[in-house]
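Each remark here refers to the structure printed beneath this line.
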Amino acid sequence: MSSHSSTGRPAHPLAQHVSVLNTLDPDEPRLDDLDPLRAVVEGARVVAIGEGAHFVREFALARARLLRYLLERCGFTTVAVEMGAGEAAAVNPWLAGEGDEGDLSGVAGLHTINLFGELLRWLRRYNRGGSRPVEIVGIDLPNTLTLRPDLDPVADYLRVVDEGISGMVAGVLRTAGAITGASAAASAPRWADLDAAGQESLTAGLARLSLRMRALEPLYVARSDQHSYDVARRHLEAACHTDYMLRAMNTLFSGTGLPDDTSVRDHYMATCLQWHLDRLDPDTRVVMVAHNNHIQKTLVTYDGYPTALPMGHHLARGLGGHYRAVGLTHTAGEVPDMVWPAEDSPVGFAVASVPLDSPPPGSLERALADAGLATDITLTDLRSADPAVTSLRSMRSQSATMDTPVARSFDAVLCTPTATTDDTATFTA
65 MSSHSSTGRP
75 AHPLAQHVSV
85 LNTLDPDEPR
95 LDDLDPLRAV
105 VEGARVVAIG
115 EGAHFVREFA
125 LARARLLRYL
135 LERCGFTTVA
145 VEMGAGEAAA
155 VNPWLAGEGD
165 EGDLSGVAGL
175 HTINLFGELL
185 RWLRRYNRGG
195 SRPVEIVGID
205 LPNTLTLRPD
215 LDPVADYLRV
225 VDEGISGMVA
235 GVLRTAGAIT
245 GASAAASAPR
255 WADLDAAGQE
265 SLTAGLARLS
275 LRMRALEPLY
285 VARSDQHSYD
295 VARRHLEAAC
305 HTDYMLRAMN
315 TLFSGTGLPD
325 DTSVRDHYMA
335 TCLQWHLDRL
345 DPDTRVVMVA
355 HNNHIQKTLV
365 TYDGYPTALP
375 MGHHLARGLG
385 GHYRAVGLTH
395 TAGEVPDMVW
405 PAEDSPVGFA
415 VASVPLDSPP
425 PGSLERALAD
435 AGLATDITLT
445 DLRSADPAVT
455 SLRSMRSQSA
465 TMDTPVARSF
475 DAVLCTPTAT
485 TDDTATFTA
């Protein structure tokens, strides 16, 4: 690239690492403008596609287009999504063409549809033209942050292999059944409504079931099979982590949370993805879809306060260079963000467009603006020792700015000039 811009001024040093993209439309036939991504993901077994905020239409479109490129041009075949295992399994027949497009609400919860509906609808349309439908796997806790989606299949399994503990299972199910809600913002308060004895009894019961299942693996497998045992144990692990996260989210909402407490969820997400990798063909390449704060490789920090050790950190440690993270951000003056509490909302919050300050010096968004690229769709390759790249120290996240060494957190970042609310998402009953 020339050292001078089209205006005759010296080009910004970051510009040589930036590619301008033509569109966000995932159905645009030509994908050649995304070819710079090929070098970013070369040799990776797992590529994560993030988002800087939930419920942003532009991010949903960008994810679908990036996913299409990775599927068609780079040999990726499996898609892992920030949702529970049971949630993903319920959606797969619909993705393969079962039922009508409007039936998504019958197989997915409201929060899952709000988070991923646009992407899932595109994937269903994409599958119509393929000989082998693309399926998804869930690598997170349930988007409802409730226990029954994982405990019910565990109970079904234990009735076959360990009928003697039916009383213990019934007690755990009874307590877990009181925790309802369409998202963590709704279910965490229901957990808080339990008295202290109920909360502790639930945690203790889950721990006893987990320890017993581990200890009796040979007997359980002999009475069923290894796959059934592995799946049931994974569901029980999810339930134990959900129980922990209900407590963590409740204290987070009340302002009394422990530092880094939400890291428990991210560690679970990393182990869940690894669980799938261990069972896939070694040559299988996986695209993962999750928030920037989950896929980044460095500690999640706001205003100097650490909030989580993210999934991406664990994956980078375990997979090394076979893990790549592609973040999504924007240069708009406002962004949709969550507002809570919202008593009339089944998900416990509403979404409103929040005005933003100008990006601060040292941020990726400010550097793109200084390079004259704020109104373009761009892909920045961060795999460089150039000070223009390594000096980037912050990036937008939701309606805040996250302190992070950008080039150590992500391998590339796609930036959109606008960030508007996904009009397919609903937040009222």
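Residue numbers (our numbering): 65 to 493. The beta-carbon is built from N, C-alpha and C at its ideal position, and this holds for glycine as well.
Per-residue burial, residue i [other beta carbons within 10 Å of its own, 16 or more giving buried]
i: Y284; result: buried
i: E407; result: exposed
i: P213; result: buried
i: H305; result: buried
i: H377; result: buried
Sequence-distant residues of its chain with Cβ nearer than 8 Å to residue i (five each side left out)
i: I229; result: L222, L273, R276
i: Y133; result: L95, L98, L101
i: L322; result: A312, T315
i: T442; result: V82, S83, V84, L85, L432, L478, C479
i: P400; result: A117, H118, F119, V120, V415, A416, S417, V418, A483, T484, T485, D486
i: A271; result: C304
Beta-carbon proximity of residue i to residue j, cut-off 8 Å
i: L379; j: L437; result: no
i: G107; j: G148; result: no
i: L237; j: A256; result: no
i: G181; j: A354; result: no
i: L211; j: I177; result: no
i: M459; j: S422; result: no
i: P187; j: L168; result: Sequence check: residue 187 is Leu here, not Pro. Not in contact: L187 and L168 (Cβ atoms no closer than 8 Å).
i: T348; j: T142; result: yes
i: F491; j: V390; result: no
i: L420; j: S463; result: yes
i: T267; j: D216; result: no
Nearest residue (CA-CA) to residue i, options the options
i: V233; options: S265, G245, A152, F123; result: S265
i: A452; options: P469, A279, A464; result: P469
i: F474; options: V364, T210, R287, F140; result: V364
i: L300; options: T326, L258, I359, A240; result: A240
i: L373; options: A334, L392, D324; result: D324
i: R297; options: R278, A286, Y308; result: R278
i: E227; options: A250, L183, R287, L78; result: R287
i: Q360; options: L446, A435, Q290, A302; result: L446
i: T465; options: R381, T439, Y369, S448; result: Y369
i: V351; options: G382, R388, F317; result: R388
i: D289; options: V224, M309, G150; result: V224
Contacting residues, own chain, Cβ-Cβ under 6 Å from residue i (five flanking each side not counted)
i: S69; result: For S69, the predicted model reports a pLDDT of 48, less than 50, meaning its position is unreliable; a value from the coordinates is still stated below. Closer than 6 Å at the Cβ level, and outside the excluded window around S69, lie A75.
i: R137; result: none
i: T488; result: G181, E182
i: Y332; result: H305
i: M65; result: Confidence at M65 is low in this model, with a pLDDT of 38, below 50, so its placement is unreliable and no value can be given for it.
i: D164; result: none
i: E146; result: D204, A354
Residues that DSSP places opposite residue i in a beta bridge
i: R388; result: V111
i: E398; result: P419
i: Y366; result: Y369
i: R129; result: Note: R129 sits in no beta bridge, so no partner.
i: M459; result: M466
i: D307; result: Paired residue(s): none; D307 is not in a bridge.
i: A40; result: Here the chain covers residues 65 to 493 and nothing more, so residue 40 does not appear.
i: T454; result: BP columns for T454 are empty, so no partner.
i: C138; result: DSSP lists no partner for C138.
Own chain, CB closer than 7 Å to residue i, minus 5 neighbours either side, in chain order
i: Y293; result: E281, Y284, V285
i: T208; result: G173, H175, G245, A246, S247, S251
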